[in-house]
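Report on the following structure.
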Amino acid sequence: MKKFFTAVPLQHRADGLKLLDYQAVGNSRLQMDAPISFPILTAVNGYAQPGEDFRLIAVMPDAEATRRNREELSAQLSALCARRGLSCPGGVETVLTEDSQTVAAHAGTFQKLLDYVDDEDELFACMTFGTKPLSQAMMLAMQYAYRVKRNASISCVVYGEVNRGGAGESGKVYDMTALIQLDEIIHMLAERGVADPKRALEQLFRM
Numbered sequence: 005m006k007k008f009f010t011a012v013p014l015q016h017r018a019d020g021l022k023l024l025d026y027q028a029v030g031n032s033r034l035q036m037d038a039p040i041s042f043p044i045l046t047a048v049n050g051y052a053q054p055g056e057d058f059r060l061i062a063v064m065p066d067a068e069a070t071r072r073n074r075e076e077l078s079a080q081l082s083a084l085c086a087r088r089g090l091s092c093p094g095g096v097e098t099v100l101t102e103d104s105q106t107v108a109a110h111a112g113t114f115q116k117l118l119d120y121v122d123d124e125d126e127l128f129a130c131m132t133f134g135t136k137p138l139s140q141a142m143m144l145a146m147q148y149a150y151r152v153k154r155n156a157s158i159s160c161v162v163y164g165e166v167n168r169g170g171a172g173e174s175g176k177v178y179d180m181t182a183l184i185q186l187d188e189i190i191h192m193l194a195e196r197g198v199a200d201p202k203r204a205l206e207q208l209f210r211m
């Protein structure tokens, strides 16, 4: 099954999160024709198909701002599904985390996320929101699934950038999947004892 993971933003705005027309960089499938507040929806729009169920899992501490932002994510997901004829029966599924930046807290988040990955899963993630350690915990869960679960794959990892200068706010969404793949390649080179891993990587980059 296709599963989409994201962190719910901690930002608090009285008028709600900004809606932006995110311009896709490096992956045309991420280009949308409607403004959104959550870059994970670019992956949903680009990869989910009518007639197949998918899941969206949102990681968040239990706070007023995240509860409000989760409701907005749910509303934007529902609108996208209605517009595209997509099916997400569970809506936005929530994984509550500790409001703490300790290693133990993020290890607990990692363990919780493992319950959401299965054999044959096609995984997607957004690394835009949340703290840096929380984003790392999500990426570790993706890599665990890729390495341990049968036929699991990481299809797309996105990052949304907001430019707040100039005439107004604008957004870009980047396909960061190659960074995850690079980590897997580094592990493979280390396991195989490659004598000159830097040279091996340079050859790969030239391909």
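Residues 5 to 211 in our numbering are what the sequence shown lists, from first letter to last. Cβ atoms here follow ideal geometry from the backbone N, Cα and C, with glycine treated the same way. Since the model is a prediction, treat every value here as computed from it, not as a measurement.
Reduced DSSP secondary structure (H/G/I, E/B, other) of residue i
i, result
"V48", "helix"
"V166", "strand"
"F9", "strand"
"M211", "With a pLDDT of 48 at M211, under the threshold of 50, the predicted position of this residue should be treated as unreliable, though the coordinate-derived value follows. DSSP places M211 in coil when its eight states are reduced to three."
"S91", "strand"
"A156", "coil"
"F128", "strand"
"V29", "strand"
"L34", "helix"
"V99", "strand"
"I183", "The question names Ile, but residue 183 is Leu in the sequence shown. The answer is helix: DSSP assigns L183 an H, G or I state."
Proximity below 7 Å, CB of residue i to CB of residue j
i, j, result
"F114", "A47", "no"
"L84", "L45", "yes"
"G50", "L34", "yes"
"V177", "Y26", "yes"
"T10", "A52", "no"
"D123", "P65", "no"
Segment limits, beta strand (DSSP E) that includes residue i
i, result
"S174", "S174 to D179"
Start-to-end residues for the alpha helix (DSSP H) that takes in residue i
i, result
"E76", "E68 to R88"
"Q140", "K136 to V152"
"T113", "V107 to L118"
For residue i: DSSP bridge partner residues
i, result
"G55", "DSSP lists no partner for G55."
"I40", "L24"
"L60", "F8 and V96"
"V121", "According to DSSP, which records beta bridges pairwise, V121 is partnered with nothing at all."
Classification of residue i by the beta-carbon crowding that lies within 10 angstroms, buried from 16 upward
i, result
"T132", "buried"
"G164", "buried"
"P43", "buried"
"K6", "buried"
"V12", "buried"
"L138", "buried"
"Q105", "exposed"
"D121", "Sequence check: residue 121 is Val here, not Asp. Looking at its Cβ environment, which holds 16 or more other Cβ atoms inside 10 Å, V121 is buried."
"G175", "buried"
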